[in-house]
Amino acid sequence: MRSLTGPQAMTLTINGDARQVVVYPGETLLYTLRGDALGLTGAKPGCENGDCGACTVLIEQMPVKSCMVLTVEVEGSDITTVEGLQHAPIQQAFIDHGAFQCGYCTSGFLMVGHALSQQPDHDQGRLVEWLRSNICRCTSYQEITDAVRAVCSEIES
Amino acid sequence: MIPFDLFYYRPDTVDEALQAYGDLVRQHRHPAFYAGGTEILTRSRVQDVHIDAVIDLKAIPSLRIHRDDGQTLQLGAALRLTEVADLNLWPLLTATADRIADYTARRQITLGGNLLSVLPYREAVLPFLLMDSAKVELATQHGLQTRRFADVWDTALNLNPGEFLVSLRVDSQEARNLTFRSHKMTRLDWIDYPLVTIALAQPASGRVRAAFSGWNSYPFHSSTVDQILSDVSRSPQARAADAVSNMPMPAVSDIHGSAEYRQFVTQYTLSDMLTELEES
Ligand SMILES: Cc1cc2nc3c(=O)[nH]c(=O)nc-3n(C[C@H](O)[C@H](O)[C@H](O)COP(=O)(O)OP(=O)(O)OC[C@H]3O[C@@H](n4cnc5c(N)ncnc54)[C@H](O)[C@@H]3O)c2cc1C
Ligand code: FES
Ligand code: FES
Numbered sequence: 001m002r003s004l005t006g007p008q009a010m011t012l013t014i015n016g017d018a019r020q021v022v023v024y025p026g027e028t029l030l031y032t033l034r035g036d037a038l039g040l041t042g043a044k045p046g047c048e049n050g051d052c053g054a055c056t057v058l059i060e061q062m063p064v065k066s067c068m069v070l071t072v073e074v075e076g077s078d079i080t081t082v083e084g085l086q087h088a089p090i091q092q093a094f095i096d097h098g099a100f101q102c103g104y105c106t107s108g109f110l111m112v113g114h115a116l117s118q119q120p121d122h123d124q125g126r127l128v129e130w131l132r133s134n135i136c137r138c139t140s141y142q143e144i145t146d147a148v149r150a151v152c153s154e155i156e157s
Numbered sequence: 001m002i003p004f005d006l007f008y009y010r011p012d013t014v015d016e017a018l019q020a021y022g023d024l025v026r027q028h029r030h031p032a033f034y035a036g037g038t039e040i041l042t043r044s045r046v047q048d049v050h051i052d053a054v055i056d057l058k059a060i061p062s063l064r065i066h067r068d069d070g071q072t073l074q075l076g077a078a079l080r081l082t083e084v085a086d087l088n089l090w091p092l093l094t095a096t097a098d099r100i101a102d103y104t105a106r107r108q109i110t111l112g113g114n115l116l117s118v119l120p121y122r123e124a125v126l127p128f129l130l131m132d133s134a135k136v137e138l139a140t141q142h143g144l145q146t147r148r149f150a151d152v153w154d155t156a157l158n159l160n161p162g163e164f165l166v167s168l169r170v171d172s173q174e175a176r177n178l179t180f181r182s183h184k185m186t187r188l189d190w191i192d193y194p195l196v197t198i199a200l201a202q203p204a205s206g207r208v209r210a211a212f213s214g215w216n217s218y219p220f221h222s223s224t225v226d227q228i229l230s231d232v233s234r235s236p237q238a239r240a241a242d243a244v245s246n247m248p249m250p251a252v253s254d255i256h257g258s259a260e261y262r263q264f265v266t267q268y269t270l271s272d273m274l275t276e277l278e279e280s
């Protein structure tokens with residue numbers, strides 16, 4: 001049985017790099033990522049209630065709301081944050097389609113869109129279902145959907 | 001925020017989990033079994049619950065089981081809702097569970113976590129309320145116990161402190177041979193808690209059974225309502241109206257809608273679902 005109390009030194013694999021951190025068992029992944037040690041502030045705290053998706057990162061290439069997972073749960077997993085997207089097609093598509101206004105929700109949507117584009121199946125139903133996980137207060141939904149659809153179609157062709 | 005000095009245990013066996021719970025209580029801690037963690041973390045953040053130790057059940061193999069041997073369909077309590085849907089071993093459960101929360105959240109929420117939620121909705125309960133054969137496997141201080149779902153459920157799954165849900169079982173023939181409909185009605189958005197969620201099921205030869213979430217403070221099934229809905233000599237509209245007037249408790253008024261609006265939505269949804277069920 002794994003039992004953790006008090007601060008723990010551990011190695012997290014983030015954006016392909018092994019990063020040494022000290023975490024408390026009660027820390028959410030969102031908190032750890034944004035803390036001074038890692039400084040990865042791309043994942044945004046929005047509702048911290050599982051509703052908005054601004055904090056979305058990828059665990060093993062699949063979207064997870066980082067406000068709803070403890071860091072100790074993802075030790076040993078592959079974590080990707082928006083800082084790990086380096087010239088990914090989804091980023092250019094967001095620019096091409098003007099898929100943001102204030103930008104607060106953007107990193108979360110980018111992560112969902114990127115993960116979806118890497119799936120073997122990204123038909124319209126799936127696209128709508130995945131994007132419903134995130135909220136954009138500026139209501140750029142049409143542009144976001146267009147950008148994600150464009151990347152998925154490009155990959156298919 | 002969940003306390004930083006939280007104790008986090010991840011047992012590999014049922015016995016280790018039971019032992020950890022007992023030890024923590026003896027140390028005057030306030031432990032909780034932890035599965036998807038979505039409710040524990042969000043409630044702790046707003047200090048709606050005082051938990052200072054969690055026992056994460058997800059590494060215990062029997063809570064991750066999924067099998068259908070042709071007689072019994074068994075699903076582990078720590079399966080995520082997306083896993084339940086992807087496995088699709090029981091289409092009625094898939095249809096109901098797949099409308100809970102949003103896709104990303106469903107990748108974290110577990111079947112057991114939804115059934116044992118403190119929230120009124122617990123939509124994944126509905127299919128189990130419709131099956132006479134439904135059973136729960138519980139981890140207790142006296143070992144693993146299998147009990148009829150109906151014996152453990154009144155307004156919630158009643159587990160004693162220190163007990164946890166290991167898996168759920170239903171008769172696979174009964175589950176497979178059901179005609180069913182499952183509809184979730186929300187106030188405005190596709191993703192929301194329900195105004196009302198209705199699951200209807202009908203065995204090849206038998207009465208219509210209905211279960212409801214969102215109508216009141218807990219999911220329920222009522223044999224009086226079943227009887228009304230099964231009277232095929234009357235139109236679906238007449239049966240739906242009668243069912244709504246004979247619910248075992250009044251509809252709630254809350255931020256999702258007034259009691260009157262809930263009744264209206266429930267009535268026309270039931271009527272449409274009955275029509276669909278009987279035409280299929
Ligand atoms: C964004 C969001 C949207 C939601 N939308 C819906 C919705 O539309 N419909 C709906 O019905 N619900 C909805 N919920 C509620 C959600 O389904 C419940 O909060 C559920 O409890 C979460 O499951 P979990 O596995 O994350 O539970 P956890 O947070 O791990 O646990 C919740 C409770 O169950 C107990 N528990 C968990 N597993 C076991 C077990 N095996 N044995 C004994 N006790 C156990 C825990 O001790 C705790 O008390 C939503 C939640 C979120 C975060
Ligand atoms: S901050 Fe995590 S879902 Fe809103
Ligand atoms: S662009 Fe402002 S919240 Fe989405």
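Top line first, the protein sequences correspond to chains C and Z.
No gaps in the numbering here: position 154 of the first sequence is 154 in full-length UniProt numbering, and each next residue is one more.
No gaps in the numbering here: position 15 of the second sequence is 15 in full-length UniProt numbering, and each next residue is one more.
Just so it is clear, CB atoms sit at the ideal spot from N, CA and C, and this is done for glycine as well.
For residue i, which residues from the same chain have a beta carbon less than 7 angstroms from its beta carbon, with the 5 sequence-adjacent residues on both sides left out?
{"i": "residue 67 (chain Z)", "result": "74"}
{"i": "residue 10 (chain C)", "result": "21, 23 and 75"}
{"i": "residue 132 (chain Z)", "result": "none"}
{"i": "residue 140 (chain C)", "result": "99, 100 and 101"}
{"i": "residue 232 (chain C)", "result": "The structure shown has nothing for residue 232 (chain C), since chain C only spans 1 to 157."}
{"i": "residue 228 (chain Z)", "result": "239, 242, 243 and 246"}
{"i": "residue 305 (chain Z)", "result": "Within the shown structure, residues of chain Z are numbered from 1 to 280, placing residue 305 (chain Z) beyond reach of any answer."}
Note the first and the last residue of the continuous alpha helix (DSSP H) segment covering residue i.
{"i": "residue 109 (chain C)", "result": "106 to 117"}
{"i": "residue 34 (chain C)", "result": "29 to 34"}
{"i": "residue 185 (chain C)", "result": "No statement about residue 185 (chain C) is possible, as the shown extent of chain C runs from 1 to 157 and does not include it."}
{"i": "residue 103 (chain Z)", "result": "103 to 106"}
{"i": "residue 78 (chain Z)", "result": "Here residue 78 (chain Z) belongs to no alpha helix (DSSP H), and DSSP marks it neither H nor E."}
{"i": "residue 4 (chain Z)", "result": "First-last for residue 4 (chain Z): undefined, no H or E at that position."}
Over what stretch of residues does the beta strand (DSSP E) that includes residue i continue unbroken?
{"i": "residue 79 (chain C)", "result": "78 to 80"}
{"i": "residue 56 (chain Z)", "result": "53 to 56"}
{"i": "residue 178 (chain Z)", "result": "178 to 185"}
{"i": "residue 3 (chain C)", "result": "2 to 4"}
{"i": "residue 140 (chain Z)", "result": "135 to 140"}
{"i": "residue 13 (chain C)", "result": "8 to 14"}
{"i": "residue 169 (chain Z)", "result": "164 to 171"}
{"i": "residue 148 (chain Z)", "result": "143 to 148"}
{"i": "residue 66 (chain C)", "result": "From DSSP, residue 66 (chain C) is part of no beta strand (DSSP E); its letter is neither H nor E."}
{"i": "residue 197 (chain Z)", "result": "196 to 203"}
Within a Cβ cutoff of 8 angstroms, which residues of the same chain sit near residue i, ignoring the five residues on either side of it in sequence?
{"i": "residue 20 (chain Z)", "result": "9, 11, 31 and 55"}
{"i": "residue 135 (chain Z)", "result": "146, 147, 148, 149, 168, 169 and 170"}
{"i": "residue 152 (chain Z)", "result": "136, 138, 158 and 159"}
{"i": "residue 127 (chain C)", "result": "116, 145, 148, 149 and 152"}
{"i": "residue 144 (chain Z)", "result": "14, 137, 138 and 166"}
Under 6 angstroms Cβ to Cβ from residue i, same chain only, skipping five residues before and after it: list those, please.
{"i": "residue 95 (chain Z)", "result": "182"}
{"i": "residue 211 (chain Z)", "result": "126, 129, 130, 199 and 221"}
{"i": "residue 209 (chain Z)", "result": "130, 201 and 226"}
What in chain D is Cβ-close to residue i, meaning under 7 angstroms?
{"i": "residue 80 (chain C)", "result": "Within the model displayed, chain D is absent; protein chains C and Z are what it includes."}
Verify the contact flag: residue i, CB atom, against every heavy atom of ligand 4, threshold strictly below 7 angstroms.
{"i": "residue 60 (chain Z)", "result": "No copy of ligand 4 appears in this structure; the ligands present are ligand 1, ligand 2 and ligand 3."}
Residues, ordered as in the chain, of the stretch 97 to 125 of chain C that lie near chain Z by beta-carbon distance below 8 angstroms | Those would be 112, in chain order.
Fill in: Selection of the stretch 108 to 128 of chain Z by Cβ proximity to chain C, strictly under 8 angstroms
108
- Query: If contact means a Cβ-Cβ distance below 7 angstroms, which residues of the stretch 21 to 35 of chain C contact chain Z?
  - Reply: From the stretch 21 to 35 of chain C, only 24, 25, 26, 27 and 28 have a Cβ closer than 7 angstroms to chain Z.
(request) Could you name the residues whose beta carbon sits closer than 7 angstroms to any heavy atom belonging to ligand 3, keeping them in chain order? (result) In chain order, the hits are C:100, C:101, C:102, C:103, C:104, C:105, C:106, C:136, C:137, C:138 and C:140.
Is there contact between the stretch 117 to 129 of chain Z and the stretch 93 to 100 of chain Z, where contact requires at least three CB pairs shorter than 8 angstroms? yes
- Query: Can you find at least 3 beta carbon pairs, one from the stretch 262 to 271 of chain Z and one from the stretch 231 to 248 of chain Z, that sit closer than 8 angstroms?
  - Reply: For the pair of segments examined, the stretch 262 to 271 of chain Z was found to touch the stretch 231 to 248 of chain Z: the number of CB pairs separated by less than 8 angstroms reaches three.
Notebook entry, point to check: Does the pairing of the stretch 45 to 58 of chain C with the stretch 108 to 119 of chain C give three or more beta-carbon distances under 8 angstroms?
Noted result: yes
Practice item. Indicate whether the contact test is met: 3 or more Cβ pairs, each with one atom in the stretch 2 to 17 of chain C and one in the stretch 138 to 149 of chain C, closer than 8 angstroms. Key: In this structure the stretch 2 to 17 of chain C does not touch the stretch 138 to 149 of chain C; the number of beta carbon pairs closer than 8 angstroms is below three.
Are the stretch 81 to 91 of chain C and the stretch 26 to 46 of chain C touching by the rule of at least three beta carbon pairs closer than 8 angstroms? yes
Which residues, in chain order, does the stretch 181 to 196 of chain Z contribute to contact with chain C at a C-beta distance below 9 angstroms? 189, 190 and 191
Given 8 angstroms, three or more beta-carbon pairs between the stretch 102 to 115 of chain Z and the stretch 200 to 210 of chain Z:
no
### Members of the stretch 22 to 45 of chain Z that neighbour chain C once the beta carbon cut-off is set at 7 angstroms
For the stretch 22 to 45 of chain Z, which is checked against every Cβ of chain C, the residues closer than 7 angstroms are 37, 38, 41, 42 and 45.
Review point. Given a limit of 9 angstroms on CB to CB distance, which residues of the stretch 193 to 217 of chain Z reach chain C?
Key: none
What residues in the stretch 6 to 23 of chain Z have a beta carbon less than 9 angstroms from any beta carbon of chain C? 6, 7, 8, 9, 10, 11, 12, 13, 16, 17, 19 and 20
*Contact set between the stretch 140 to 159 of chain Z and chain C, restricted to residues whose Cβ is under 9 angstroms from the partner*: none
Mind listing which residues of the stretch 133 to 154 of chain C have their C-beta closer than 7 angstroms to chain Z's C-betas, in chain order? 133
Item to complete: Name, going along the chain, the residues of the stretch 3 to 17 of chain C whose beta-carbon falls closer than 8 angstroms to a beta-carbon of chain Z.
Response: Within the stretch 3 to 17 of chain C, contact with chain Z at the beta-carbon level (separation under 8 angstroms) is assigned to 3, 4, 5 and 6.
Item to complete: Could you name the residues of the stretch 95 to 107 of chain Z whose beta carbon sits closer than 8 angstroms to any beta carbon of chain C, in the order they occur along the chain?
Response: Under the 8 angstroms Cβ criterion, the stretch 95 to 107 of chain Z contributes 101, 102, 103, 104, 105 and 107.
Practice item. Please list the residues of the stretch 58 to 76 of chain C that have a C-beta atom closer than 8 angstroms to any C-beta atom in chain Z, keeping them in chain order. Key: 62, 63, 64, 65, 67, 68, 69, 70, 72 and 73
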